[in-house]
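Beneath this line is the structure, given in structure tokens, with notes to follow.
Number of protein chains: 2
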Amino acid sequence: MADKKKLVEDITSMEVDFARWYTDVVKKAELVDYSSVRGCMILRPYGYAIWEHIQGIADGLFKATGHENVYMPLLIPESLLQKEKDHVAGFAPEVAWVTQGGGEELTERLCIRPTSETLFCEHFAHIIKSYRDLPKKYNQWCNVLRWEKTTRPFLRTMEFLWQEGHTMHETEEEAVEETLRMLNVYADICENYLAIPVVKGRKTEKEKFAGAESTYTIEAMMHDGKSLQSGTSHFFGDGFARAFDIQYTDRNNTLQYPFQTSWGITTRLIGAIIMTHGDDNGLQLPPAVAPVQVMVVPIAQHKEGVADKAVQVLAEIKGFCRADIDLSDNSPGWKFAQYEMKGVPLRLELGPKDIEQNQCVLVRRDTGEKVTVPLDGLEKAIGELLRDIHDTLYRRALKNREDHTYTAHTFEEVLAIAGDESKSGFINTMWCEDPACEAKMKEEAGLTSRCMPLEQEHLDDRCVCCGRPAKSMIVWGKAY
Amino acid sequence: MADKKKLVEDITSMEVDFARWYTDVVKKAELVDYSSVRGCMILRPYGYAIWEHIQGIADGLFKATGHENVYMPLLIPESLLQKEKDHVAGFAPEVAWVTQGGGEELTERLCIRPTSETLFCEHFAHIIKSYRDLPKKYNQWCNVLRWEKTTRPFLRTMEFLWQEGHTMHETEEEAVEETLRMLNVYADICENYLAIPVVKGRKTEKEKFAGAESTYTIEAMMHDGKSLQSGTSHFFGDGFARAFDIQYTDRNNTLQYPFQTSWGITTRLIGAIIMTHGDDNGLQLPPAVAPVQVMVVPIAQHKEGVADKAVQVLAEIKGFCRADIDLSDNSPGWKFAQYEMKGVPLRLELGPKDIEQNQCVLVRRDTGEKVTVPLDGLEKAIGELLRDIHDTLYRRALKNREDHTYTAHTFEEVLAIAGDESKSGFINTMWCEDPACEAKMKEEAGLTSRCMPLEQEHLDDRCVCCGRPAKSMIVWGKAY
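Protein chains in written order, with the numbering used here: chain A, -12 to 467; chain B, -12 to 467.
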């Protein structure tokens, strides 16, 4: 098929250059466009539709766990940003400042929110007076901006879309529970909707969020073995509450500081989908977030009755899945390649002979398998195939992760694995929890700590770096 | 009921001070909170939920008319904003400028989008090459910022949430058709979902959007007779296309400029809902966008079985409407007043005697009417009542508009009506279309042109201002 060959030739092979493959897919599948605004991306209809599906799933899960949506201002006065010292130290270097408005110089600079803890805290101070006002479990969907030097579509952009949950609780225990609940919601989204297996764990002191007491993360492994931090959930203790003077009268009528969490996922998840499931033919979208789950491609559509019947089949299957049809003049071969490249999970082929026999052919994007299905059995067949495609994508990604997860007991082993490009992946070791060892792993092996998994294993008694008694198991990797 | 009296006392009467009534309702019903960011508001859960319902309705109608969602950058380089001269002249005075980022002074200022025509045009220039690429029918949900001197929640805030549609078409005719199609979609949203009657019309040259060839508007009358511009739809001709060099090869293989539209509605619609339907007891929400359509209030809830039964009834009605329950220790009287103030369309009361007789009482927010309904007939009864509440709200608003719409044939009549506070409303007249007359109406009668209605009537032969031959019928008013 010449058409297909041509299309695929436009995409660099993953094996040749993974970074170029990524950029080619992102552009070719029309997920994004660049603009004259440095480091910002335009989300095109196909890319934005994936985000809408992620939003719909996440928003449903947030509401089901008792969260309410709100909207806070885009701009943060400098004095407000400075209220929590660790937080401002972490974010001040990477914000954009508004210094002029309405034709005048401002007396105080306003930063574009890099995250909204400070705004939420100011609001919480207004509305939390009594234990009866707790918990407050808020979420906001919005854009944020961080001044990044090097950017890549979805993975790291100056402006990105995300949700940020911000909650306040009576007790430390309840806040920690919320932090982990939302980490599990994120893992649920990744594994059961995006078909991306994740390792849940805690970040080291060095890697935790500016102002947090502890940060939890879900880490996914991309096709090239690199790690992608895919969502984080933070426990703040009462640090922000003290800085912002948020106090409530407890059940014993004494003043207390509440305990806080925040958590976020971003459009970065689209990058995770691309790099987890994509192949040399282009995107592969998990059915739960695919804008089009089934693409109808008529065969010999100029023949009488074919286009009509295809449109009729489309109308029927739209009742139970997201479907579309391509009635353009392009050849079937071009269409096959096009929708493979766009990652549509299933293709439905319908030609004159199929119509004669009241059947059609369903072709899977993940395996290329074809099955002939009677037209009156499509709801069951498509439902089962979409579920199976999800499972297959998940299993493949899990196998990739398992195949590229190594255990090291000595620093020499670490260096040997990290230095072998064919072994790009996770390296599990024990660690003494000394930041000096973390720094050494970075400097000498080029590895950053990904997380201390919630499911700890005892791999060894000693720290892989210094040989002193180990405190925890930790995952290392090279990260996006 | 002492509780109710107290609650209502917190809200200034509309007749005493409409502006204070508005602010009281907005705060009391917990729609917004203020922050230290001047002119920006915090949308609290109840206020944001109304916006989510408006978004859901509008987004469905946009998609049903073939539009796709995209997302453009927040920031616009100064050079890009300046490409269309009328546009920059209109917006430059009211933008916020980012001049510092990542710790450095920028070489070019970036403005926070006040609207995104320039970004869409830059993108259109990339992707529109052939007539096959047309039409492009895009929409984006986002925040925008305009540097306003005086602000009021929902009605005029520096930052607000909105949607902006941007479309490109082969022919002028098709673009004009789109402009009017979306105006009709906006009127549909207002009338059939928000229960707000609107006048559809064209803005004068003076009032049209910066850079547009013509601007269409829907104008609603608030309870106090003032006008609220509730949505606008613009036809751009090919002005932006020429400024941004967007050209396509047409069906005859010659280069052409496409024709453009844009259209938007904002969180201002929530202000319209408040000021159209609210009363001295607080909010009244149209059922289609009420976060809670039915509030269950148990009576004598301490008595055995009452709370259980109420929770059971709640679970049942949640199958067909948005419902909630108040099981707090507050008195039923407090709860009645509370949910009236929050504008919940229906209250469901359930006490021991009701349970005995397998019935409950439904109380309408709009009329106060009570009906006793068997528990097994709730789906039908609630459905009918919600529809009737919508109709009643709409009819009342329409009557208010009709009662406060005047016709003037001479300038003396205009002055007499405009000078009589009891006659605050719309004044319909004929007009010669000379901007000098429009300016005189503003200066001498304090009236601005609202629109030239699409449904024109011939009221007179002469312009109400100058007596020269009239060209069109026009609506005047005082506006928010």
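From the three backbone atoms N, C-alpha and C, an ideal C-beta is built for every residue, glycine too.
Looking at B/Phe111, B/Ala310, B/Glu400, B/Glu327, the one whose alpha-carbon comes closest to that of B/Leu365 is B/Ala310.
Excluding the 5 residues flanking it on each side, A/Thr379 has same chain C-beta neighbours closer than 6 Å at Asp353, in chain order. Here B/Tyr125 carries a strand assignment [DSSP, helix/strand/coil]. In the pairwise beta carbon analysis, the region 87 to 97 of chain A is classified as not touching the region 212 to 224 of chain A: fewer than three pairs are separated by under 8 Å. Annotation: Cβ neighbours of A/Gly90 in chain B (cutoff 7 Å, chain order): Pro80.
For B/Gln87, the chain A residues whose C-beta falls within less than 8 Å of its own C-beta are Ala83, Trp84, Thr86, Arg96, listed in chain order. Nearest CB-CB separation between B/Cys27 and chain A: below the 8 Å threshold. Distances from the alpha-carbon of A/Met209 to those of A/Ala16, A/Phe5, A/Lys195 put A/Phe5 closest.
Residue contact with chain A for B/Asp20: present (Cβ-Cβ distance below 8 Å to some residue of chain A). For A/His156, there are no C-beta contacts with chain B under 9 Å, since the nearest C-beta of that chain is about 17 Å from it. Excluding five sequence positions before and after A/Asn239, none of the CB atoms of its chain fall closer than 7 Å to its own CB. Residues of the same chain with a CB within less than 8 Å of the CB of A/Val276, apart from the 5 flanking positions on each side, are Ile37, His40, Ile41, Ile44, Tyr180, Leu181, Ile260 in chain order. Within the model, the alpha-carbon separation for B/Lys340 versus B/Gln346 is close to 9 Å. In the structure shown, B/Gly198 adopts coil according to DSSP, grouped into three states. With the criterion set as a beta carbon lying under 7 Å from some beta carbon of chain A, the region 384 to 397 of chain B has no members that meet it.
By the Cβ rule, the region 43 to 59 of chain B does not count as touching the region 53 to 69 of chain A, because fewer than three pairs are nearer than 8 Å.
Interface with chain B (8 Å Cβ-Cβ cutoff): A/Met59 is included. For A/Trp250, the CB contacts under 8 Å within the same chain, skipping 5 residues up- and downstream, are Glu151, Gly152, Thr166, Met169, Leu170, Tyr173, Gly218, Thr219, Ser220, His221 in chain order.
Listed as beta-bridge partners of B/Asn415 by DSSP are B/Thr394, B/Val462. In the displayed model, A/Ile252 falls within a strand according to three-state DSSP. Here the alpha carbons of A/Asn56 and B/Ser103 stand approximately 25 Å from one another.
Within the region 280 to 304 of chain A, contact with chain B at the beta-carbon level (separation under 7 Å) is assigned to no residue. A/Leu314 has a beta carbon lying at 8 Å or more from every beta carbon in chain B. Near chain B, meaning a CB-to-CB distance below 8 Å, the residues of the region 106 to 125 of chain A are Leu106, Glu109, His110, His113, Ile114, Tyr125.
Non-local C-beta neighbours of B/Leu434 in its own chain, meaning closer than 6 Å and more than five positions away in sequence, comprise Ala405, Met428, Trp463, ordered along the chain. Inclusion of A/Ala432 and A/Val401 in the CB contact set at 8 Å is warranted, their separation being smaller than that value. The bridge partners DSSP lists for B/Tyr381 come to none. A/Ile(-2) and A/Asp11 do touch by the CB rule: their CB atoms are close to 4 Å apart, below 8 Å.
Looking at the backbone, the Cα of B/Ser0 and that of A/Pro184 are separated by about 58 Å.
The DSSP-derived three-state label of B/Pro273 is coil.
For the set A/His377, A/Arg334, A/Ile376, the Cα lying nearest the Cα of A/Thr359 is the one of A/Arg334. Think of a sphere of 8 Å around the beta carbon of A/Ile233: no beta carbon from chain B falls inside it, the nearest being about 14 Å out. Within chain A, not a single residue places a beta-carbon under 7 Å from that of B/Trp250; the smallest gap is close to 18 Å. Sequence-distant partners of A/Asp447 (beyond 5 residues in either direction) whose C-beta falls short of 7 Å from its own C-beta, in its chain, are His396, Met417, Ala457. Measuring C-alpha to C-alpha distances from B/Val298 to each of B/Val19, B/Val163, B/Lys123, B/Pro285 identifies B/Pro285 as the nearest. B/Tyr244 sits away from B/Ile252, with the two beta carbons spaced by 8 Å or more.
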